[in-house]
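Colleague: Numbering (the numbering used here), first residue to last: 28 to 378.
(1) Does DSSP put residue 117 in a helix, in a strand, or in coil?
(2) Run the proximity test for residue 76: is its beta-carbon closer than 7 Å to any non-hydrogen atom belonging to the ligand HEM?
(3) I think residue 167 touches residue 209, with their Cβ atoms under 8 Å apart; what is that distance to the nearest whole Å?
(4) If you reduce the DSSP assignment to three classes, tell me which class residue 297 lands in.
(5) Opposite residue 317 in the DSSP bridges: which residues?
(6) Can you check which of these residues, 287, 62, 78, is closest to residue 86 by C-alpha distance?
(7) Go through its chain and collect everything with a Cβ distance to residue 175's Cβ below 6 Å, but skip five positions before and after it.
(8) Note down the Cα distance separating residue 70 from residue 207, rounded to an integer number of angstroms.
(9) Express the C-alpha separation of residue 323 and residue 295 in angstroms, rounding to a whole number.
(10) Select from 163, 253, 289, 186 the residue whose C-alpha is nearest the C-alpha of residue 307.
(11) By the DSSP assignment, the alpha helix (DSSP H) with residue 178 in it spans what residues?
(12) In the DSSP assignment, find the alpha helix (DSSP H) that holds residue 211 and state where it starts and stops.
(13) Under a three-way DSSP split, which group does residue 332 fall into?
(14) So residue 286 and residue 300 are in contact, right, with Cβ under 8 Å, and what is the actual spacing, rounded?
(15) I need the straight-line Cα distance from residue 388 to residue 186, nearest angstrom please.
(16) Do residue 429 and residue 118 have their C-beta atoms closer together than 8 Å?
(17) Closest to residue 88 by C-alpha separation, out of 55, 312, 120, 65, would be which residue?
(18) Quick one, which of 84, 103, 250 has its alpha-carbon nearest residue 75's?
(19) For residue 172, write down the residues that DSSP places opposite it in a beta bridge.
(20) Exposed or buried, which one is residue 311 when buried takes at least 16 other CB atoms within 10 Å?
(21) Check residue 274 in the structure and name its three-state DSSP category.
(22) How would you write the range of the beta strand (DSSP E) that residue 304 sits in, first residue to last?
(23) Here's the rule: buried if 16 or more other CB atoms are within 10 angstroms of the residue's CB, otherwise exposed. What is residue 309?
(24) Going by DSSP, what residue range makes up the beta strand (DSSP E) through residue 125?
(25) For the candidate residues 91, 171, 282, 205, whose alpha-carbon lies nearest to that of residue 14?
(26) Please name the residue or residues paired with residue 67 in a DSSP beta bridge.
(27) How many Å lie between residue 321 and residue 255 at the Cα?
(28) Taking residue 96 as the reference, which of 107, 83, 108, 105 has the closest Cα?
(29) Nearest-angstrom Cα distance between residue 137 and residue 201?
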């Protein structure tokens with residue numbers, strides 16, 4: 028049981044209550060966690076209403092009323108300071124004070140500076156307070172019931188009986204050991220107080236409810252965008268090539284020495300067109316692909332071979348096959364024109 032060693036202010040009628048010296052013994056150290064456990068609906072309620080009646084020494088919800096929890100480390104509340112304050116208030120009001128089974132009665136004063144200690148009358152409790160049980164303690168599985176099945180099926184703290192049959196209030200019940208219930212599972216750990224308390228007042232309403240500025244984007248144009256001024260092309264400017272262009276050749280590649288010409292000397296002299304594949308198909312007309320032409324570095328074009336050959340290869344996308352076909356078509360056209368002209372002359376002479 029807790030007890031107090033106090034100096035009774037009534038022993039000195041001129042003494043002020045604030046000058047009392049109160050020594051509390053039997054309570055936990057003020058800096059310990061145990062001294063700051065208090066019950067409440069939440070941490071704020073536990074802090075605002077902390078008293079000796081809401082102290083939960085064991086740190087478990089079992090010591091709190093229904094619906095309340097035991098909160099850990101309520102910093103502004105400390106049980107030693109609370110007991111001192113409550114005793115001082117009780118003495119100042121001429122009341123008796125009791126806490127944890129200890130009743131403190133006012134002593135008779137005997138004059139200034141007598142320092143008489145008030146008499147202490149221990150008020151017996153109905154039964155001893157149970158010490159805290161560890162999670163693995165088998166007493167946590169003791170529950171009241173009419174039989175073992177009833178006790179195991181009704182796991183309520185009201186039926187918890189760590190002291191045996193004396194804890195079972197209902198007639199006909201007894202305390203059963205090693206049930207499937209466990210009081211440690213029914214008791215929540217103390218909740219840590221929130222680190223930041225909520226604000227007292229709600230957030231103020233906005234001062235200005237209208238938009239601050241008009242949209243910055245310009246208005247849409249009234250008329251659609253005018254039609255394009257030019258007419259689109261009806262067909263591609265050049266025919267697509269029948270095979271892809273050659274990839275760039277690295278420096279020193281032997282294919283850099285393949286050039287078109289009538290013979291090797293002609294190819295070296297004119298440096299007209301490369302034929303990297305080594306095939307004559309890459310050369311227009313009757314030109315052949317010659318190898319080992321090391322003196323040519325840049326293509327000079329086909330102008331040296333006549334206007335027809337140059338024109339046939341100047342259009343983008345035409346390969347050697349296209350050039351030969353174009354030359355053949357031009358020759359056929361010229362022949363047909365000449366034949367038609369001869370026929371006209373013959374008709375004129377006969378007439």
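C-beta: ideal position from N, C-alpha, C; glycine also.
Modeller: For this structure:
(1) helix
(2) This structure lacks the ligand HEM, and indeed carries no ligand of any kind.
(3) 5 Å
(4) helix
(5) 286
(6) 62
(7) 203
(8) 32 Å
(9) 6 Å
(10) 289
(11) 175-180
(12) 210-213
(13) helix
(14) 7 Å
(15) This structure gives no information on residue 388, because the portion of the chain shown stretches from 28 to 378.
(16) Because the chain spans 28 through 378 in this model, residue 429 falls outside it and cannot be assessed.
(17) 65
(18) 103
(19) 201
(20) buried
(21) coil
(22) Careful: residue 304 lies outside any beta strand (DSSP E) and carries neither H nor E.
(23) buried
(24) 124-126
(25) Given a span of 28 to 378 for the chain in the structure shown, any question on residue 14 remains unanswerable.
(26) 96
(27) 52 Å
(28) 83
(29) Any answer about residue 137 is weak, because its pLDDT of 36 lies below 50 and its placement is not dependable; what the coordinates show is given next. One C-alpha to the other measures close to 55 Å.
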